[in-house]
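Trainee: Residues are numbered in my numbering as their position in the sequence shown, beginning at 1, plus a constant of 1076.
For every residue, glycine included, the Cβ atom is placed at its ideal position computed from N, Cα and C.
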Amino acid sequence: MADSFNVAGPLRAHAERAPDVAALKFPAADYRTDAPRWDAYTFGQLDHHSDAYARGLSAAGVQPGDRTLLLFRPSLDFYAVIFGLFKVGAVPVLLDPGMGLRAVLSCIERTRPRVVIAAPIVHLVRLLRRRPFATAEILVTAGRRFGWGGHTLRQLHTEADEPFAIVDRHATDDAAILFTSGSTGPAKGVASTQAMFAAQVAALQKMFDFQPGQVDQQAFAAFAIFDISLGMTSVIPKMDLSKPATAAPADLLACLVANEPDTAFASPIVWQNLSRHIVTHDAHLPGLRTVLTVGAPIPAYLLRRLAERLPDDAEIHTPYGATEAMPISWIGSELILAETWDETARGAGTCVGHLAPGAWVRVIGITDEPIDRWSDELALPTSEIGEIVVAGDQVSPAYRDAPGANERAKIADGDRVIHRMGDLGYLDEQGRIWFCGRKSHRLQTAQGLVPPVPVEGIYNEDPAVFRTALVGVGPSGAEVPVLCVELEPGEAWSDELDQRVRQRAKGTPYEGVVQRILVHESFPVDARHNSKIRREDLKGWATARCSDLVTQEGA
1077 MADSFNVAGP
1087 LRAHAERAPD
1097 VAALKFPAAD
1107 YRTDAPRWDA
1117 YTFGQLDHHS
1127 DAYARGLSAA
1137 GVQPGDRTLL
1147 LFRPSLDFYA
1157 VIFGLFKVGA
1167 VPVLLDPGMG
1177 LRAVLSCIER
1187 TRPRVVIAAP
1197 IVHLVRLLRR
1207 RPFATAEILV
1217 TAGRRFGWGG
1227 HTLRQLHTEA
1237 DEPFAIVDRH
1247 ATDDAAILFT
1257 SGSTGPAKGV
1267 ASTQAMFAAQ
1277 VAALQKMFDF
1287 QPGQVDQQAF
1297 AAFAIFDISL
1307 GMTSVIPKMD
1317 LSKPATAAPA
1327 DLLACLVANE
1337 PDTAFASPIV
1347 WQNLSRHIVT
1357 HDAHLPGLRT
1367 VLTVGAPIPA
1377 YLLRRLAERL
1387 PDDAEIHTPY
1397 GATEAMPISW
1407 IGSELILAET
1417 WDETARGAGT
1427 CVGHLAPGAW
1437 VRVIGITDEP
1447 IDRWSDELAL
1457 PTSEIGEIVV
1467 AGDQVSPAYR
1477 DAPGANERAK
1487 IADGDRVIHR
1497 MGDLGYLDEQ
1507 GRIWFCGRKS
1517 HRLQTAQGLV
1527 PPVPVEGIYN
1537 EDPAVFRTAL
1547 VGVGPSGAEV
1557 PVLCVELEPG
1567 EAWSDELDQR
1577 VRQRAKGTPY
1587 EGVVQRILVH
1597 ESFPVDARHN
1607 SKIRREDLKG
1617 WATARCSDLV
1627 TQEGA
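Shown next as structure tokens:
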């Protein structure tokens, strides 16, 4: 890509090419499930309104490089503000309020934003908890202002006849700071550079053949930015985007029926709930050709359930990546159901497919220590489980304001930076990646390393089981493997089911590994996807119920 770039450039280009095509659609204020309506911005309108905000922000003193905290509910105006910030050259800071107040305030304090654009409740918190906002000089309220200073968004919306002159940024400049979910440790601010964003858009286009004019039903707030950059219409269903598990399946189906999207993107829990609903109501999705899901592995039975309701030529894709590196690989339901899932059910882990365009992947030995410099000798042979490391233009070069995080997660290799994914896995003979769980979730037993995901894949195959989580009880080096089980709705644990589930591991590499099975009513999950299991919470829960195992192991 050129040295000079701005992520708002594609919006301007699409607005000039197709000004009357819808860019964004949000549920209207009078939305009803039985009579759904959407408000929309065309590409021309979104470009126009983002220009108006860019003028107002610039006049208020916002400058290129200014870190700008955005904390208000996604809406048509939310995206106009984001693209307005891009046009000014400012750096939006996006974090998930679902991580909790303490974590949110910690992220804000570490990021040191100069600009705060937030809902009234956030400004009220700012008055009560001043320290995290100490660096804020420009204050903007998204809504009504109640006595505090600064501007309102309405005041900043400044009309003019000429388009706003988009500020040129260098490829290595930050386009945004995106916070990780914090599901496996403290949330960290990821530097999404201009070059990284451009590479992500290019890779997604090549992987899924996305084209301008296509429609995407989008359940991830940040990913709507990619839709817009690709020239696609991003339709948001009636849901709380910060709590996908609470989305009403009837509203998701209503959106699919009314808008006939080519693509739909959501976390696994959304597809779980929606698939049950469409089966119960004997619904089909005739226009949908591409289904995408990220955040957690998706089981084969869910792929089959969805496939039965999709056109014959549709496919369900599960891209692999992270906030720090996305996309890294992808795999479709056709290959999973025809080949790889049989291996998953026998303990091979979860295949996440071939490498995405521009991605470089290796697997290294497992260590929690920093690695200063890359050497080819670090790479493990094919089929050996280790830590997945990645590089490419779609990989973030650094965390911002996270002491020690770059030393633990980044490896220098000349002019490029290699990112340690913190995931266990291996490469097979065909160059495909197999995911085996988070490195921090590995079990260190008296018999050696036990990766969680290959074991869970065996037990997840039982039709009465919704999901499982393998946790270790006891000290590292002497952990006892305990399998936590969450059942499908309507199922109940019994001696017969206990025996049936235990038999699943017979003849696999992990036969005899699980020492106890515990049934949990509902697993704790991450705030962002509502799909990643909070294993540390489950580990504490299991430990409290298995004190005898720890005593026996230590005896």
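Between P1325, Q1270 and F1255, which has its C-alpha nearest D1080's C-alpha?
Mentor: The amino acid at residue 1080 is misidentified as Asp; the sequence shows Ser. Checking every option, the nearest Cα to that of S1080 belongs to Q1270.
Trainee: Go ahead and label R1088 buried or exposed: buried means 16 or more other beta carbons lie within 10 angstroms of its beta carbon, across all protein chains shown.
Mentor: Buried, by the Cβ-count rule.
Trainee: With a floor of 4 residues, list each alpha helix (DSSP H) that falls wholly inside the segment 1202-1270, ordered by position along the chain.
Mentor: For the segment 1202-1270, whole alpha helix (DSSP H) runs of length 4 or above, ordered along the chain, are 1229-1232.
Trainee: Kindly indicate which residue of A1212, Q1575 and R1352 has the alpha-carbon position closest to the one of G1225.
Mentor: Considering only alpha carbons, the answer is A1212.
Trainee: By DSSP, does Q1287 sit in helix, in strand, or in coil?
Mentor: Reduced to three states, the DSSP call for Q1287 is coil.
Trainee: Report buried or exposed for A1156, applying the criterion of at least 16 other Cβ atoms within 10 angstroms of its Cβ.
Mentor: A1156 is buried by the Cβ-count criterion.
Trainee: Using DSSP with H/G/I as helix, E/B as strand and the rest coil, what is I1301?
Mentor: Helix at I1301.
Trainee: Under three-state DSSP, which class holds V1083?
Mentor: It is coil, neither helix nor strand.
Trainee: How far does the beta strand (DSSP E) with C1635 in it extend, from its first residue to its last?
Mentor: The requested residue 1635 is not part of the displayed model; the chain covers only 1077 to 1631.
Trainee: Are the Cβ atoms of I1184 and P1208 separated by less than 9 Å?
Mentor: Result yes, Cβ atoms of I1184 and P1208 sit closer than 9 Å.
Trainee: When you compare each of A1179, L1147 and L1328 to S1343 by their alpha carbons, which one comes out closest?
Mentor: Measuring from the Cα of S1343, the nearest candidate turns out to be L1328.
Trainee: Can you give me the Cβ contacts of V1549 inside the same chain, cut-off strictly under 7 Å, excluding the 5 residues immediately before and after it?
Mentor: Correct list, in chain order: E1555, V1556, V1558, A1618, T1619, C1622, L1625 and V1626.
Trainee: If the criterion is Cβ atoms closer than 9 Å, does the pair A1130 and L1152 meet it?
Mentor: No, the Cβ-Cβ distance between A1130 and L1152 is not below 9 Å.
Trainee: Is it right to say V1355 is buried, meaning 16 or more other beta carbons lie within 10 angstroms of its own, or is it exposed?
Mentor: The residue in question, V1355, is exposed, as its Cβ has fewer than 16 Cβ neighbours within 10 Å.
Trainee: With a 10 Å radius around its C-beta and 16 neighbouring C-beta atoms as the bar for buried, classify K1314 as buried or exposed.
Mentor: Result: buried.
Trainee: Report the three-state DSSP secondary structure of C1632 (helix, strand or coil).
Mentor: An answer regarding residue 1632 cannot be provided, because it is not within the stretch 1077 to 1631 covered by the chain.
Trainee: Run through DSSP, which three-state label would G1616 get?
Mentor: The answer is helix: DSSP assigns G1616 an H, G or I state.
Trainee: If you measure between the beta carbons of L1317 and F1296, is that distance less than 9 Å?
Mentor: Yes.
Trainee: Please identify the residue among M1497, Y1107 and I1407 whose C-alpha is closest to the C-alpha of A1326.
Mentor: Among M1497, Y1107 and I1407, the Cα nearest to that of A1326 is on Y1107.
Trainee: Are the segment 1270-1283 and the segment 1188-1207 touching by the rule of at least three beta carbon pairs closer than 8 Å?
Mentor: The segment 1270-1283 is not in contact with the segment 1188-1207.
Trainee: Does the distance from the CB of L1500 to the CB of G1490 come in under 9 Å?
Mentor: No, they are not a contact pair.
Trainee: Where does the unbroken beta strand (DSSP E) through T1521 begin, and where does it stop?
Mentor: Element bounds for T1521: L1519 to T1521.
Trainee: From A1467 to E1400, what distance separates their C-alpha atoms?
Mentor: C-alpha separation (whole angstroms): 10 Å.
Trainee: P1403 lies in the beta strand (DSSP E); which residues open and close that run?
Mentor: Residues A1401 to W1406.
Trainee: Relative to the C-alpha of V1590, which residue among E1597, H1357 and G1533 is closest?
Mentor: The candidate whose alpha carbon is nearest that of V1590 is G1533.
Trainee: Could you give the uninterrupted runs of the beta strand (DSSP E) lying entirely in the segment 1570-1611, keeping only those of 3 residues or more?
Mentor: Taking only runs of at least 3 residues, the beta strand (DSSP E) segments lying wholly in the segment 1570-1611 are 1592-1595.
Trainee: Compute the beta-carbon to beta-carbon distance between A1075 and E1235, rounded to the nearest angstrom, for a pair I have assumed lies under 8 Å.
Mentor: Since the first residue of the chain shown is 1077 and the last is 1631, residue 1075 is not available in this structure.
Trainee: Taking 9 Å as the cut-off, decide whether the C-beta atoms of P1095 and G1120 are in contact.
Mentor: Yes, Cβ-Cβ distance for P1095 and G1120 is below 9 Å.
Trainee: V1558 by DSSP, collapsed to three states: which one?
Mentor: Strand at V1558.
Trainee: Give me the Cα-Cα distance between A1478 and S1472, rounded to the nearest whole angstrom.
Mentor: One C-alpha to the other measures close to 14 Å.
Trainee: Between G1307 and the rest of its own chain, which residues show a CB-CB distance below 6 Å, the 5 nearest in sequence each way excluded?
Mentor: For G1307, where only same-chain residues beyond five positions count, the Cβ hits under 6 Å are H1090 and P1288.
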